[in-house]
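Each remark here refers to the structure printed beneath this line.
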Amino acid sequence: MIADVVFDLPLDHPFSYLIPDSLIVTPGQRVSAPLGGRGTRVGVVVALRDGDAAGLRPIQHAVEPAPILSAGGLELGRWIADESLSSWGSTLLALLPPPPRSKRAEVLAPPFEPARGAVAPAPEVWMDAQREDRLAAALGDTSGGALVIAPDTDSAARWARRLDAARLDSGAGPAERRAAWFAAARGRVSIVVGTRGALLVPLPPPAVLVLLEEQDIAHKPPGPPRLHSRDILLHRAALDGSRLIMLAGAPSAEIWQKAVAGAVTRVADGPAPWPEVIASDTRGILRNHPLTLPLTRAIETMSRAGKSVALIVSRSAGAIGCNDCGAVLRCPECGVALQLRRDRRGIACRLCARSDALPERCPGCGGHRLQPFGWDAERVEASVRRRFPRLTVSRNDPSAQVQIGTPALLRGARTHAWGAVGFVWFDGFLRVPDFRAGERAFQLLWSAAEAVGAGGRLIVQTLHPDHYAVAAVRGQDREAFYRQELEFRSELGYPPFKRLCHLSARGKTAAGAKTLIDAAAGALGGIEGLTVYPPMALGAPGAAAAARMRSVVKGPDDLPRLISQALRPFLERGRRSHGVVEIEMDPVNS
0 MIADVVFDLP LDHPFSYLIP DSLIVTPGQR VSAPLGGRGT RVGVVVALRD
50 GDAAGLRPIQ HAVEPAPILS AGGLELGRWI ADESLSSWGS TLLALLPPPP
100 RSKRAEVLAP PFEPARGAVA PAPEVWMDAQ REDRLAAALG DTSGGALVIA
150 PDTDSAARWA RRLDAARLDS GAGPAERRAA WFAAARGRVS IVVGTRGALL
200 VPLPPPAVLV LLEEQDIAHK PPGPPRLHSR DILLHRAALD GSRLIMLAGA
250 PSAEIWQKAV AGAVTRVADG PAPWPEVIAS DTRGILRNHP LTLPLTRAIE
300 TMSRAGKSVA LIVSRSAGAI GCNDCGAVLR CPECGVALQL RRDRRGIACR
350 LCARSDALPE RCPGCGGHRL QPFGWDAERV EASVRRRFPR LTVSRNDPSA
400 QVQIGTPALL RGARTHAWGA VGFVWFDGFL RVPDFRAGER AFQLLWSAAE
450 AVGAGGRLIV QTLHPDHYAV AAVRGQDREA FYRQELEFRS ELGYPPFKRL
500 CHLSARGKTA AGAKTLIDAA AGALGGIEGL TVYPPMALGA PGAAAAARMR
550 SVVKGPDDLP RLISQALRPF LERGRRSHGV VEIEMDPVNS
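The sequence shown begins at 0 in numbering that gives the first Met the number 0 and counts up by one.
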C-alpha cells in the first residue's frame, strides 16, 4: 500500500510513501516521514492506494495511533487551500493541535464523515442587543456538539468560562488544546471554544457552529489559512448540514449582502436601548485642545453621576485631509482616501498605485491645512488632566473615571455600562486609506452605542457630522447605512460584488522584488474578467521594506480558479535568487 502525504510546504501536491507491513495508517492521520535532504517531517495522510512502491521510502512512524482529521476535515481543508491558493499541507497543519511530546498519544474515535445529502438550515446573523445571552441559553439547551469561534484569545477564554467549555486556542497550553480536540472527536465534550485553530475540530455533524463578532477583522489575520473564518464556517455548515449562528451588532457588508440576497437570515428583536448620539462639528476646533463643549459637558455630567467615560483615539492612518473644511483627498479612480507617501513627498493610492504631488491647497475650500492630523492617547491624557484636575484620568487603569485608549477599550466584558463614550477625532477612522473605512467606522460607532446604552451619551467629534455612518447610528438604522455603503461598493466594484487579491513579492533587493512582481502580474495578462493594478512599493525608497512590492488583482467570484494556473509556478518555486511570491485572497486590510 502507498500513502499520499502532504506537508507544510508551498508545493500543492502530495508525496508518496510506502506503508511498512508493521504500520497501519488511515487518511487524516499524522505521520513522520523523510522529506528530501531535510530529515523527517510531520505530514498528514490524505489518501491510500495500491501501486508500484519501487523506489519509495517508507513512512517512519505514526504521530498518533488513529486519525486526527475526519473525512469532512480533509475535504474542508482542500477547499480552503483551493480558495486561498495555498497548499493543502500548509492549510491542514496550520489548523491542528500540537503533536504529542511523548510516544503515548490519545486513541481517537473513528473520524466523523460529512453528512452527505444533509440540507443545512440558512445561516443566521444575530444582531439584537441580547444576542450573547440568547446564545449562551441556546448552547445550554443543545443536544449535539457546538463549536464556538472567537476573534481572539481573550474572547475565547471568557466564553470558555461562561459556557464551561473545552478550550482550543493559543491561550491554552498544548496539552489542554490536544485534550479539547480529542475529547470533541470522541463526543466527550459538547462545546468547544477556540480561535481559527479550531475550525477543523471533528464534531459529529450536524453540529451548531458559532462565529462571535463576525465583523471583527481578527477573524482573518495574516498567514494560513488565508481565508476568513466566516467563509470557512459557511462552507463547513453547507458541507455537513450544521447550523451556523453569527453574532454581530453591525455585520460585515459581505454578510449583509448575503442577507439581502436571501442566503442569510437576519435576527433582530426590535431596537436596543440606545444612548443620546451627538455629532460635534470640529471645524475650526481641536487645534489646541481635544475636547469640544458636548464632550466636556458629558465628562462633567457623568463624573457627578459616578459613571465612567471612555475617550477613544485613533492611530495615525497617514491619509490626507483638510482640517478647515473636512474634505479628504481621494483617488479619482478608486474612491479610497489617498495616503501620504512614506518619503512624505507626495500622496498615493494603495489600490491602483496612482501617485501625485501633495497639493498646496485643498481642492474644495482652498485651505492650506492639508495634513494627516490627530490626537494620540498621550496628548489627550495630558489635556484632560489639565482640564479636570480632580478626576482620575488614565490610559491603563480600568477603575479611572476617564479612561483613554484605542477602540480595544470597548471590547471585553464590563460589570457596568459606560456613562459616555467620546471619539476624540473620529475623522482618524474615516480617513483610513481603505474602501472599508466607512463600514468600520459605522461598526465602531454601533459597538460604542451598545456599550453605553440608554441614559448615556455617545459624542462623535468630527469634521463630517452628517456622514452617513454617523447618521445611521444616531437613528439606529442599519438599513440606511448598508443601503448607501453597498451602493458605493457596487458602483466601484468592491467586495462583496467583486473579489480582491493581494499579489506580493519579497526580494533581497528592491530591483529583485520589482522583477518578480512584474513577472507574476504579467502572467495574469489576457485573463478575461480581471483588473490587475500596477505594482507599488510597500516601503520608503532605500529602506529594507522597499524590497516588498504589491499588486492588487480584482475579479469575479471564481477569482481563485481564474488565476491559480498562472500563479501556481510562482507560488511553488519558493525562495529563489529574486525572492518569494505570496497571495492573500480577500484581504481585509489595504
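Backbone N, C-alpha and C define an ideal beta-carbon position, used for all residues, glycine too.
In the three-state scheme derived from DSSP, where H, G and I count as helix and E and B as strand, Trp87 is classed as helix. Taking C-beta atoms as the reference points, Val30 and Asp3 fail to come closer than 8 Å. Annotation: Val200 to Leu292 spans about 53 Å, alpha carbon to alpha carbon. DSSP places Tyr16 within a strand segment (E or B) once states are collapsed to three. Distance from Ile190 to Ala145 at the Cβ level is roughly 5 Å; contact confirmed, criterion being Cβ atoms closer than 8 Å.
With distances taken between CA atoms, Ala80 lies nearest to Asp230 out of Ser489, His463, Asp230, Leu202.
Spanning the alpha carbons of Tyr481 and Pro220 requires a straight line of approximately 25 Å. Assignment of Trp180 by DSSP, reduced to helix, strand and coil, places it in the helix class.
Gln129 carries a coil assignment under DSSP once its states are collapsed to helix, strand and coil. Residue environment analysis places Pro150 among the buried positions, since at least 16 neighbouring C-beta atoms fall within 10 angstroms of its C-beta.
Each residue's CA atom was taken as its position, placing Glu63 and Val587 some 36 Å apart. Inter-residue distance for Ala479 and Lys507 is about 49 Å (C-alpha atoms, whole angstroms). In this structure, Ile526 is the residue among Arg547, Arg549, Ile526 with its C-alpha nearest to the C-alpha of Ala565.
Runs of the alpha helix (DSSP H) lying entirely within the segment 369-415, each at least 4 residues long, are 376-386 in chain order. Beta-bridge analysis with DSSP links Thr530 to Lys553. Per the DSSP secondary-structure output, Arg242 pairs in a beta bridge with Val207.
In this structure, DSSP gives Gly421 an extended state, which the three-state scheme calls strand.
The closest CA to that of Trp374, considering only Thr405, Leu357, Asp465, is found on Thr405. Between Arg488 and Asp556, the C-beta spacing is not below 8 Å. If you draw a straight line from the Cα of Ala165 to the Cα of Val420, it comes to about 35 Å. Here Met548 carries a strand assignment [DSSP, helix/strand/coil]. Here His463 is buried, its C-beta having at least 16 other C-beta atoms within 10 Å. One Cα belongs to Asp168, the other to His227, and the distance between them is close to 17 Å.
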